[in-house]
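Enquirer: Take a look at this one; I'll ask things after.
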Amino acid sequence: MLAVALPSAQAKDEAGAYGKTLEKIYDLSPETLAKFQRFQEKQAQKPGDKGKGIYADTERWRGDELSLPTSKNPFTIVVKVSGVALADGDAGSRWQTGLQFDGPSPISFLPELVHKGARAGQPVSMVGASKGVSFKEDRKAAPSLDFESSRNLRIDRVQVEVWSGIRKSTWLELLMSWSPILTGVVFLGVVLWFRRR
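Residues in the sequence shown are numbered from 8 upward in steps of one, following the working numbering.
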C-alpha cells in the first residue's frame, strides 16, 4: 500500500529550495521499507564487491504517474530518509532516482546520504535531491526510487517529493554570477585611481 500526501504547509517551509512548486509527496509504505531491508540482508550475504552506481544491484519502488507539462520544467525528485543509527559512527544510505516513462528514462545517482558522527540509537535524518530534468513535450511519468544499500542505519521512513520549476539561487550562487561584473568594476576603479595619481 502506498500513502500519498498532497502538498501542505511543508511546501511553504521549503519553497524555493528544490523548485517552485511541490507537486506531490509519496510516503513509502512499511511493506516497501521491509523489502529494502530484505534486499540489504540478501546483499550482505553475497561475497566480494557489490558494485556502485550503474553496476549496483537495487530494489525498486515506483510511484503512480504524474502529468508533467513542459510549462513546469524542470522537475526535481527529493528523497528524505529518517531512521536510527545502529552504532556509533557515520550512518548513511545510497539511492538512485528518476522519472519513468515509455522509452529510455534518465536516472539520477544521488550522492550517499550521510549523517556524520551519529551515536548508537540516535534518530537521524538525511535529504538528497536529483538534478532537474526538463522535457521537450508534455509527458506522463512516474517517480522511481532504487535502494542500493545502507550502512549503520535502520530505515524507519522514506519520503519522495516531486518538485517543479526552477529553484531559488543561494546567496553564494548569486554572488558568483555577479563576480565577473564586480571584478571589472574593481579593475576599472584601480585603473582610474592610478591615472589620477
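The beta-carbon is built from N, C-alpha and C at its ideal position, and this holds for glycine as well.
For Lys147 and Ser36, what's the separation of their Cα atoms in angstroms?
Expert: By 1-based counting over the sequence shown, the position of residue 147 is 140. By 1-based counting over the sequence shown, the position of residue 36 is 29. Cα to Cα, the separation comes out at about 23 Å.
Enquirer: Measuring CA to CA, which of Gln52, Ala94, Thr39, Lys49 is closest to Arg67?
Expert: As a working mapping, residue 67 is identified with position 60 in the sequence shown. The residue with the shortest Cα to Cα distance from Arg67 is Thr39.
Enquirer: Residues in the same chain with beta-carbon distance under 6 Å from Gly60, minus the five sequence neighbours each way, listed in chain order, please.
Expert: Numbered from its first residue, the sequence shown carries residue 60 at position 53. Cβ within range, chain order: Phe116.
Enquirer: Is the region 63-78 close to the region 151-158, with three or more CB pairs under 8 Å?
Expert: The answer is yes - the region 151-158 touches the region 63-78, with three or more Cβ pairs under 8 Å.
Enquirer: For Thr83, which residues does DSSP report across the bridge?
Expert: Taking the sequence shown and counting its residues from 1, one reaches residue 83 at position 76. DSSP, once it has assigned bridges, lists Trp170 as partnering Thr83.
Enquirer: Lys123 lies in the beta strand (DSSP E); which residues open and close that run?
Expert: For the purposes of this step, residue 123 is identified with residue 116 of the sequence shown, where counting begins at 1. Residues 120-125.
Enquirer: If contacts are defined as beta-carbon pairs under 8 Å, then Ala51 and Asp95 qualify, I think. What distance do you get, rounded to the angstrom?
Expert: Position 44 of the sequence shown, counted from the first residue, corresponds to residue 51. Position 88 of the sequence shown, counted from the first residue, corresponds to residue 95. Contact flag wrong, Cβ pair sits at about 20 Å.
Enquirer: Just how far apart, CA to CA, sit Leu120 and Ala92?
Expert: Here residue 120 refers to the residue found at position 113 of the sequence shown. Here residue 92 refers to the residue found at position 85 of the sequence shown. Their Cα atoms are separated by approximately 13 Å.
Enquirer: Please name the residue, chosen from Leu75, Phe82, Gly99, that lies closest to Ser132 on a Cα-to-Cα basis.
Expert: Numbered from its first residue, the sequence shown carries residue 132 at position 125. When only C-alpha atoms are compared, the closest one is Gly99.
Enquirer: Quick check: the Cα distance between Ser89 and Leu199, rounded to an integer number of angstroms?
Expert: Numbered from its first residue, the sequence shown carries residue 89 at position 82. Numbered from its first residue, the sequence shown carries residue 199 at position 192. Taking the straight line from one Cα to the other gives about 57 Å.
Enquirer: In this structure, does DSSP put Ser137 in helix, strand or coil?
Expert: Residue numbering aside, residue 137 sits at position 130 when the sequence shown is read from its first letter. Coil, per DSSP.
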